[in-house]
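J.:
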Amino acid sequence: MYKYSRDEETWDQLTEAGLEFLVERAQSPSGTSYEDLNNALMQRTGLPGFDFGRADERAGIGYLLGLIVERSYPETKLMISALVTHKGGTDPGGGFYALATELKLLRPGASKDEKDTFWVKQYTRVQEHYSGAGRPGPY
Numbered sequence: 001m002y003k004y005s006r007d008e009e010t011w012d013q014l015t016e017a018g019l020e021f022l023v024e025r026a027q028s029p030s031g032t033s034y035e036d037l038n039n040a041l042m043q044r045t046g047l048p049g050f051d052f053g054r055a056d057e058r059a060g061i062g063y064l065l066g067l068i069v070e071r072s073y074p075e076t077k078l079m080i081s082a083l084v085t086h087k088g089g090t091d092p093g094g095g096f097y098a099l100a101t102e103l104k105l106l107r108p109g110a111s112k113d114e115k116d117t118f119w120v121k122q123y124t125r126v127q128e129h130y131s132g133a134g135r136p137g138p139y
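Just so you know, we're using my numbering here: the sequence shown kicks off at 1 and counts up by one.
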């Protein structure tokens, strides 16, 4: 089945490469942008990137971030997509909050302050988890 002009196998490749990239970014002190994620996906998979000049392609990368969260959330209970923000911006896209609401992590109709607080907590917890600070040690 095709979604956003990509087949299931392509989405699997993009999800795997995207999750790997975001885990690496989580281990560093800063997050990443949609543009940087897109560039990493092209480099790691050899697949064409998302064209941010097109609304359907912007929706496609949002769909991909949802797939990445679906893959990692059962283990971590965190939204690793919190690391991805608009270039030069300081917050994620609206799809992040929509998915958080769908996962019942954020109440429907949450205020901007509630959304900001939720995002900062997710961002911080993701970095703590993947840096090892949020995981029990080997002993």
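Heads up, the beta-carbon is just placed ideally off N, CA and C, and yes, glycines get one too.
With DSSP as the reference, identify every bridge partner of residue 71, one or two as the case may be.
T.: According to DSSP, residue 71 bridges with nothing at all.
J.: Taking DSSP's pairing of strands, which residues face residue 6 in a bridge?
T.: Residue 6 pairs with 3.
J.: If we call anything under 8 Å between Cβ atoms a contact, is residue 2 one with residue 56?
T.: Contact flag unset, no.
J.: If you compare alpha carbons, which of 29, 130, 109 is closest to residue 80?
T.: The residue with the shortest Cα to Cα distance from residue 80 is 130.
J.: From this set, 49, 123, 105, which residue's C-alpha is nearest residue 37's C-alpha?
T.: The residue with the shortest Cα to Cα distance from residue 37 is 49.
J.: Helix, strand or coil: which one does DSSP assign to residue 90?
T.: It is coil, neither helix nor strand.
J.: Would you decide whether residue 88 is buried or exposed? Buried here means 16 or more other CB atoms lie within 10 Å of its CB.
T.: Looking at its Cβ environment, which holds fewer than 16 other Cβ atoms inside 10 Å, residue 88 is exposed.
J.: For residue 77, which of 29, 107, 6, 126 has the nearest alpha-carbon?
T.: Residue 126 is the option with its Cα nearest to residue 77.
J.: Starting from residue 118, trace the alpha helix (DSSP H) both ways and give me its first and last residue.
T.: That run of the alpha helix (DSSP H) goes 112-131.
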